[in-house]
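The sequence shown begins at 1 in this note's numbering and counts up by one. One structure is given here, and the rest of the page talks about it.
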Amino acid sequence: MRRPHLMLALPAALALAACGAQDKADDTATAPAPDAQAAHAFSSDITGADFGELVKTLASDEFEGRAPGTAGEDRTVEYISAQFERIGLQPGGDNDSWYQTVPMVETTADDSTVLKLATAKGTRDLAFGRDMVLGTRTGKPQIEVADSELVFVGYGVDAPEQDWNDYAGLDVEGKTVVILVNDPGFHAQDESLFDGNRMTYYGRWTYKFEEAARKGAAAALIVHDTAGASYGWDVVKNSWSGAQFDLRPQDDPEPRLPAQGWITGDVARQLFADAGLDLDAQIQAANKRGFKPVPLNAKVSFDLKSTVAEKSSRNVVGILPGTQAPEEAILYLAHWDHLGKHEGEGDTIYNGAIDNATGVAGIIEIAEKFATSEPKPKRSLVFLAVTLEESGLLGSKYYVAQPSIDLAQTVGVINLDAMSVAGPSRDFVVTGKGSSELEDILQTYAGQQNRTLVEEGNPAGGYYFRSDHFNFAKAGVPALYAKGGNDLVEGGTAAGKAASDDYATRYHQPGDEYNPDWNLDGVVQDLEALYGVGRTLADGDRWPNWYEGNPFKAARDTARGEAGGAP
Ligand SMILES: [Zn+2]
């Protein structure tokens with residue numbers, strides 16, 4: 001999930017990396033370069049050995065944490081396309097190549113930038129990383145803001161269908177808005193507000209900045225709280241440090257703020273206190289319908305300098321053409337990018353083994369099973385390894401705007417992100433469970449494995465909005481994001497919780513590394529079931545749809561209608 005501002009895929013219900021943290025020494029650090037190793041003999045079946053080999057390689061130090069626009073990218077996309085070629089897929093990218101070029105803008109904010117706060121109690125300098133993070137998506141090398149008035153706008157939501165507008169009657173032109181993360185239903189734990197404890201898109205930090213931009217604010221600052229964000233300040237700090245990536249404005253027309261960022265809970269509490277306000281009381285007020293924006297009797301000034309460069313990254317696209325309906329396709333998806341490597345002492349490489357070498361390894365294993373199976377599938381299969389997920393789901397956003405196979409002809413999307421490596425589980429977590437008929441098909445295969453479909457453990461985390469399937473869903477394509485759960489066959493939910501707690505300490509940290517001790521029987525089961533879903537669709541003529549009432553169904557019905565097909 002976006003480097004800077006984007007945190008992704010910390011699967012709350014995830015059973016995770018093997019217990020018993022390993023130190024760097026015993027894994028990839030000493031492994032010879034991938035191409036120098038004795039070639040691994042891949043089998044045509046989905047196996048733990050193959051999966052492990054792929055994850056070990058993609059998460060090795062040689063891949064340098066797979067940051068877009070780096071040597072790590074070159075090594076990664078070449079490795080993935082070599083696997084697609086080995087399997088016998090056909091190139092599905094630009095000009096019959098394996099790659100779809102994704103133009104991007106790389107912006108690196110000067111982390112000596114200071115936010116100058118002038119309050120009734122005096123002035124205070126907020127330091128980058130310690131007190132705040134700040135950046136710009138405008139592509140401008142300098143953004144200067146002087147004496148911009150600070151206004152608290154609650155959750156910063158304008159949701160007509162919820163009869164809720166935190167900006168009602170307020171002109172924020174030139175002002176800096178201070179916004180709470182998540183949505184009213186969460187902090188109030190009130191099931192009648194929004195979607196209760198399940199985060200709606202209004203709760204996502206991306207929505208907050210998009211709405212503040214639509215309203216014309218000069219800048220927006222989100223107040224960090226670990227429960228509301230479902231990750232700690234260090235994740236925010238890590239993700240906003242260094243290069244940030246974005247699509248070019250011409251490829252992504254959504255309005256953009258001159259500057260956007262986060263402040264720590266402590267800084268917010270002091271800011272409110274200086275204005276004679278109590279942050280907790282203001283949060284209570286923001287939880288109520290009819291909330292009115294609150295001037296904070298303070299001003300902010302900053303001179304944000306950034307280095308800006310136009311670059312490009314690559315999606316990798318492999319296709320297995322269908323034998324009877326090649327124009328129709330099932331799409332398997334996984335992001336290959338991660339956080340790269342950072343300055344500093346000790347372990348500075350973010351290997352991204354679970355996030356998301358496991359997903360990439362998963363689509364390669366599933367592709368191999370399809371490509372070697374007889375009879376060959378009637379409909380086509382697209383295997384898409386996208387870039388820039390950690391920077392805002394940008395690679396998938398770009399593919400959705402420029403698909404290799406028309407989205408109206410894309411039967412369904414199956415996303416693999418941060419698969420479980422904790423061993424076989426009795427449950428199968430469907431993020432956003434209750435969304436589409438794809439779940440009915442998955443239920444069949446999970447049932448054959450004596451497993452039960454369950455919803456993600458922490459719906460308040462908004463995980464449905466934090467991985468690449470979301471861009472397809474927004475375009476109406478039924479999308480499934482599922483993986484093994486926490487109720488482990490060996491050790492039950494206690495073992496599952498231990499595994500996810502362990503992963504939470506490695507999430508978006510250098511410690512997310514390959515571990516040869518992982519029990520991969522569980523992920524093999526998951527991949528078999530996800531293969532099954534694609535197989536059922538690829539051999540038939542079904543058009544699974546969203547369930548009635550789902551916000552994405554209308555877009556699908558329209559697209560299918562226009563394609564002359566039945567919804
Ligand atoms: Zn991820």
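Cβ coordinates follow ideal geometry from the N, Cα and C atoms, glycine included. Please read these numbers as outputs of a predicted model, since none were measured by experiment.
Let me check understanding here. Comparing Cα to Cα, which of the options lies closest to residue i?
i, options, result
"asparagine 415", "Ala159, Glu73 and Val533", "Val533"
"threonine 387", "Phe51, Val77, Phe63 and Ala49", "Val77"
"proline 91", "Gly462, Ser404, Leu520 and Ala418", "Ser404"
"asparagine 287", "Asp337, Asp190 and Gln260", "Asp190"
"threonine 348", "Thr410, Asn238 and Leu117", "Asn238"
"alanine 446", "Ser425, Gly265 and Gly434", "Ser425"
"asparagine 356", "Ala41, Phe63, Arg542 and Ile46", "Phe63"
"lysine 369", "Ile46, Ser241, Phe42 and His40", "Ile46"
"aspartate 280", "Tyr531, Phe152, Phe383 and Gly484", "Phe152"
"aspartate 251", "Val400, Gln409 and Glu73", "Val400"
"proline 295", "Gly564, Tyr207 and Gln282", "Gln282"
"glycine 346", "Thr431, Ser97, Gln260 and Gly511", "Gly511"
"threonine 119", "Asn182, Phe272, Asp110 and Val157", "Phe272"
"histidine 335", "Tyr398, Leu277 and Ser301", "Tyr398"
"glycine 476", "Glu210, Ile363 and Tyr547", "Tyr547"
"leucine 331", "Arg86, Ala538, Lys553 and Thr107", "Ala538"
"threonine 70", "Lys208, Gly228 and Lys341", "Lys341"
"proline 544", "Arg466, Pro253 and Glu328", "Glu328"
Can you tell me whether DSSP reads residue i as helix, strand or coil?
i, result
"phenylalanine 186", "helix"
"alanine 36", "Confidence in alanine 36 is poor, its pLDDT being 48 and thus under 50, which makes the residue's placement too unreliable to answer from."
"arginine 269", "helix"
"threonine 28", "Since pLDDT at threonine 28 reaches only 40, below the 50 mark, its modelled position is unreliable, and the value read off the structure follows with that caveat. Reduced to three states, the DSSP call for threonine 28 is helix."
"tryptophan 262", "strand"
"valine 360", "helix"
"lysine 175", "coil"
"tryptophan 205", "helix"
"serine 380", "strand"
"glutamate 570", "This structure cannot speak to residue 570, because the chain is shown only from 1 to 567."
"glutamine 22", "Because glutamine 22 sits at a pLDDT of 39, beneath the cut-off of 50, its placement in the model cannot be relied upon, and the following sentence gives the value as read from the coordinates. Coil at glutamine 22, not helix or strand."
"arginine 198", "coil"
"histidine 335", "strand"
"isoleucine 349", "strand"
"asparagine 415", "strand"
"phenylalanine 245", "strand"
"glycine 228", "helix"
"aspartate 355", "helix"
"phenylalanine 370", "helix"
"glycine 318", "strand"
"alanine 220", "strand"
Sorted by chain position, which residues of the same chain lie with C-beta nearer than 6 Å to residue i's C-beta, five sequence neighbours on each side aside?
i, result
"proline 103", "Arg248 and Ser312"
"glycine 549", "none"
"arginine 137", "Asp246 and Arg256"
"serine 396", "Val386, Asp468 and Asn471"
"aspartate 82", "Inspection of the sequence shows that residue 82 is occupied by alanine rather than by aspartate. For alanine 82, where only same-chain residues beyond five positions count, there are no Cβ hits under 6 Å."
"glycine 93", "Tyr99, Gln100 and Val317"
"phenylalanine 84", "Gly318"
"threonine 307", "Thr108"
Which whole-angstrom value is the C-beta distance of residue i and residue j, which I expect to be below 8 Å?
i, j, result
"arginine 420", "glycine 522", "The sequence as given places serine at residue 420; arginine does not occur at that position. That belief holds up - the Cβ atoms of serine 420 and glycine 522 are roughly 6 Å apart, short of 8 Å."
"tyrosine 167", "proline 293", "7 Å"
"isoleucine 263", "histidine 224", "7 Å"
"histidine 338", "glycine 65", "5 Å"
"glutamate 310", "aspartate 50", "About 38 Å; that fails the 8 Å criterion."
"tyrosine 481", "aspartate 427", "Contact flag wrong, Cβ pair sits at about 15 Å."
"isoleucine 319", "leucine 89", "6 Å"
"threonine 260", "alanine 219", "In the sequence on display, residue 260 carries glutamine and not threonine. At roughly 7 Å, the Cβ-Cβ gap stays under 8 Å, so glutamine 260 and alanine 219 are in contact."
Please return the same chain residues whose Cβ sits closer than 7 Å to the Cβ of residue i, not counting the five positions on each side in sequence.
i, result
"glycine 48", "Leu520, Asp521 and Val524"
"valine 236", "Val133, His224 and Trp262"
"alanine 563", "Ala408 and Gln409"
"aspartate 487", "Ser425, Arg426, Asp427, Thr493 and Gly496"
Sorted by chain position, which residues of the same chain lie with C-beta nearer than 8 Å to residue i's C-beta, five sequence neighbours on each side aside?
i, result
"lysine 433", "Glu439, Leu453, Val454, Glu455 and Glu456"
"threonine 28", "Here threonine 28 scores only 40 on pLDDT, less than 50, and its place in the model is too uncertain to base an answer on."
Task: 4-residue-minimum alpha helix (DSSP H) runs that sit fully inside the stretch 500-563, ordered along the chain - done: 521-538 and 553-562
Task: alpha helix (DSSP H) runs contained entirely in the stretch 278-308, provided each spans 4 or more residues - done: 279-286
Task: Runs of beta strand (DSSP E) wholly within the stretch 48-134 (minimum 3 residues, chain order) - done: 99-109, 114-119 and 122-127
TODO: Ignoring anything shorter than 3 residues or poking outside the stretch 445-483, list the beta strand (DSSP E) runs there in chain order.
DONE: 452-455
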